[in-house]
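Its first residue numbered 1, the sequence shown is counted upward by one per residue in the numbering used here.
Quick notes on the structure that follows.
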Amino acid sequence: MRGCRIAQGGECTPGREALPAFSGFRISTDAPYGRSLMRTVFSAAYLLLAVFLAVTERGQASGGGGLLGAPKDVPPMRADAIGPELGGHFMLALPPHGTGTRQKVIDAQVRRWAQWGFTFMVFHCDAYERGHYRTMMRRYYDACAKAGIRAMASWGWFYWADPGPKHDPLYPARAWIPQIVRDTHDHPAQFRIDGVPVYSAFNCPHYMEELIAPLLAEDGLTIRMWPHMYYLLPESGDKLHCTDRSEVIAHMFDSFPWLSGLANFSGDMTAEQIVQLNRIMTRTAAARGRLSMAGVTPFYGSHALRDMGGFRGLEKQWRGILEDRPNAVWWVTMNDWKELTYIDDLPETPVWRPEWTAHDIATLLDHSGYRKFCEPFQQAYLEGREVRIERDRLFLCHQLHPARTRGEPGSPAHMFGGRVWRTQLPDRIFVAAHLTEPARIRIDDTLSVEFPAGVAHFDVPLRVGKPPRVSLLRAGRVVAEGVGPLPITESPRPGAWNYLAVELELRRDEADREPEMR
């Protein structure tokens, strides 16, 4: 695997209504759309930056490096002094009750994150001043301050968000990114390094230094960036979503000296690719005195399938993280319901806005088992120690119908029509166990070999019928047992092409029953 190439660029959508301007913006959006505008903007921005650096007599390598915006006297960043941090990527457009979510619901949600051991959360904006992004950002930042975890605002290219008839593709970035920083820069929950606010991004804009740094400097604002970026091939400039070449990561730090670190947005990768990219990112960043944020993804199903074999892929990712010791780890994602990567608690009411279309996705299934399975690994990472299994636990992962089930004609692919990759899904029931002592696992009437204490995985063919019954046996006797919450049917209606991933509630009062040996 030498890299996963993506399509470059994107189109602006004409004909949208003009967005309300923020107060205090200093660059007009009246220029016509086209290459001449972009050349003019970038030329002017380069000139502004050159003047700024000449006046302040400091480059990016001095006074701490990796800074954007106004001059700030901070000591050089010590990457090895930061972390371990545990967090996730949260899509700000999808709170539990939509834009009408009450503050007490948000507060409770963030308190749960803190109880799970999370130390920070990345709040991603696909736009700003649309869908109440500014209001939700403030409310989640406030909740983080109450819960004692740190917040990191995030953004993207914003090129898609053409504001209207002027067709200025740089308007969203020029307007929204400085405003996000203004809104959060001094908030008590803001993630900071040496007092400098830290921000993130998905597909971080390459123009951050040329276009945004002068605007931040005008407001006297200084930030650090710890984002995901598409990785540029040194020999061609092609963009990659993943790579196994350390020189590609080194090239990013050389090309963008304003980066304080990089984050692996691990969706749409196999478990092996995630582990490899986490490793080279961690090692290359450490060698350059920069920060690394490893990604963890439980399952991905959007335009492509990335299946993790139940819980096996997650264990593989976490074993790599415990070996590599990155500065931070983030779950990708907390709440991308449509791409099926989510691990957060399910929303209590539908969160779909019209552009997501309520009729384009099936009822969500519980994914909490993915996160709960990883709790011993997360704790080991945060405490800098080996994994400890302190109680017996069983985890179940499976579809709610067999692979032969066909989609419903006329139903959207993301609902019951059938995703393009549905035939690739393994027709299996997956069980993982945390074992304090050696034990055997039984799924319905199929018994495993004996597993040693630690983490064990066992799977059997999926069959239509009652919810799977999973038993834990020692010395030939059942010591704990749990039953899945939902049956397996021939219909795609329950859950469509998604996994149910849960921790089983174990009943121990039925112990000592003789198993049916097979």
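For each residue, glycine too, the CB sits at the ideal point set by N, CA and C.
For residue i, the nearest candidate out of the options (CA to CA)
{"i": "A287", "options": "P467, V502, A153 and D80", "result": "D80"}
{"i": "E437", "options": "V431, S411, A480 and Q103", "result": "A480"}
{"i": "G476", "options": "V455, A439, G195 and G484", "result": "A439"}
{"i": "P519", "options": "G195, Y171, E450 and Q115", "result": "Summary: the structure shown does not reach residue 519, with the chain confined to residues 1 through 518, and so no result is reported for it."}
{"i": "C125", "options": "W421, P95, Q115 and E348", "result": "P95"}
{"i": "G98", "options": "E348, N264 and P227", "result": "E348"}
{"i": "A413", "options": "F120, H303 and G69", "result": "H303"}
{"i": "H206", "options": "E235, S246 and Y159", "result": "Y159"}
{"i": "N327", "options": "A201, L291 and D360", "result": "L291"}
{"i": "T222", "options": "W258, S246 and K239", "result": "W258"}
{"i": "K104", "options": "M136, W116 and F120", "result": "M136"}
{"i": "P84", "options": "C144, R182, V248 and T282", "result": "T282"}
Short Cβ contact (8 Å threshold) for residue i with residue j
{"i": "I441", "j": "F458", "result": "yes"}
{"i": "D366", "j": "L346", "result": "yes"}
{"i": "Y499", "j": "Q399", "result": "yes"}
{"i": "L410", "j": "W497", "result": "The sequence as given places Gly at residue 410; Leu does not occur at that position. Cβ distance not < 8 Å, so G410 and W497 don't count as in contact."}
{"i": "D324", "j": "A294", "result": "yes"}
{"i": "A263", "j": "H228", "result": "yes"}
{"i": "L240", "j": "L68", "result": "no"}
{"i": "L86", "j": "L382", "result": "yes"}
{"i": "R130", "j": "A189", "result": "no"}
{"i": "G289", "j": "M77", "result": "yes"}
{"i": "E408", "j": "P494", "result": "no"}
{"i": "W226", "j": "S266", "result": "no"}
{"i": "G310", "j": "A432", "result": "yes"}
{"i": "Y133", "j": "I106", "result": "no"}
{"i": "I212", "j": "P234", "result": "no"}
Pairwise C-alpha distance: residue j and residue i
{"i": "L396", "j": "H89", "result": "24 Å"}
{"i": "R463", "j": "E339", "result": "26 Å"}
{"i": "R39", "j": "F256", "result": "The predicted position of R39 is uncertain, since its pLDDT is 42 and thus under 50; no value can be drawn from it."}
{"i": "L322", "j": "L170", "result": "41 Å"}
{"i": "D168", "j": "P402", "result": "50 Å"}
{"i": "F451", "j": "R474", "result": "10 Å"}
{"i": "A108", "j": "G148", "result": "13 Å"}
{"i": "M308", "j": "N335", "result": "18 Å"}
{"i": "Y230", "j": "R112", "result": "32 Å"}
{"i": "T446", "j": "P461", "result": "10 Å"}
{"i": "A380", "j": "L486", "result": "32 Å"}
{"i": "D512", "j": "D142", "result": "Unreliable positioning characterises D512 in this predicted model, as indicated by a pLDDT of 48, which lies under 50. A coordinate reading is not provided."}
{"i": "I389", "j": "A453", "result": "8 Å"}
{"i": "G384", "j": "F118", "result": "15 Å"}
{"i": "C71", "j": "P426", "result": "Per the sequence shown, the amino acid found at residue 71 is Pro instead of Cys. In a straight line, the C-alpha of P71 is about 55 Å away from that of P426."}
{"i": "E218", "j": "R406", "result": "59 Å"}
{"i": "I82", "j": "A250", "result": "20 Å"}
{"i": "Q378", "j": "L232", "result": "31 Å"}
{"i": "R192", "j": "R224", "result": "8 Å"}
{"i": "P298", "j": "T341", "result": "6 Å"}
{"i": "D444", "j": "R469", "result": "5 Å"}
{"i": "Y128", "j": "Q115", "result": "30 Å"}
{"i": "D268", "j": "F202", "result": "14 Å"}
{"i": "W337", "j": "D73", "result": "42 Å"}
{"i": "R508", "j": "F430", "result": "21 Å"}
{"i": "M252", "j": "I361", "result": "37 Å"}
Endpoints, beta strand (DSSP E) assigned at residue i
{"i": "I443", "result": "A439 to I443"}
{"i": "V455", "result": "G454 to P461"}
{"i": "R469", "result": "R469 to R474"}
{"i": "A328", "result": "A328 to W331"}
{"i": "M152", "result": "R150 to W155"}
{"i": "E450", "result": "T446 to F451"}
{"i": "E85", "result": "E85 to M91"}
Residue span of the alpha helix (DSSP H) that contains residue i, given as start and end
{"i": "N97", "result": "First, the amino acid is wrong: residue 97 is His here, not Asn. Here H97 belongs to no alpha helix (DSSP H); instead the beta strand (DSSP E) covers P96 to T99."}
{"i": "H251", "result": "S246 to S255"}
{"i": "R371", "result": "S368 to F373"}
{"i": "T184", "result": "Y171 to T184"}
{"i": "R112", "result": "Q103 to Q115"}
{"i": "A147", "result": "Y133 to A147"}
Cβ-based neighbour list, residue i, same chain, cut-off 8 Å, excluding 5 preceding and 5 following
{"i": "R391", "result": "H434 and T436"}
{"i": "L506", "result": "D392, R393, L394, L472, A480, E481 and G482"}
{"i": "P467", "result": "V483, G484, P485, L486, P487 and I488"}
{"i": "E490", "result": "H401, P402, T405 and V464"}
{"i": "Q424", "result": "L305 and D307"}
Same chain, Cβ closer than 7 Å to residue i, five either side skipped, listed in chain order
{"i": "G313", "result": "A271"}
{"i": "S62", "result": "Only weak support is given to the placement of S62: the predicted model assigns it a pLDDT of 27, under 50, and the value that follows is read from those uncertain coordinates. Nothing listed; no residue qualifies."}
{"i": "T101", "result": "P95"}
Residues near residue i in its chain [Cβ-Cβ closer than 6 Å; skip 5 each side]
{"i": "A153", "result": "F123, I180, T184 and Y199"}
{"i": "R138", "result": "none"}
{"i": "W331", "result": "G88, V296 and I343"}
{"i": "R371", "result": "I343"}
{"i": "R422", "result": "W497"}
{"i": "G369", "result": "F395, A501, V502 and E503"}
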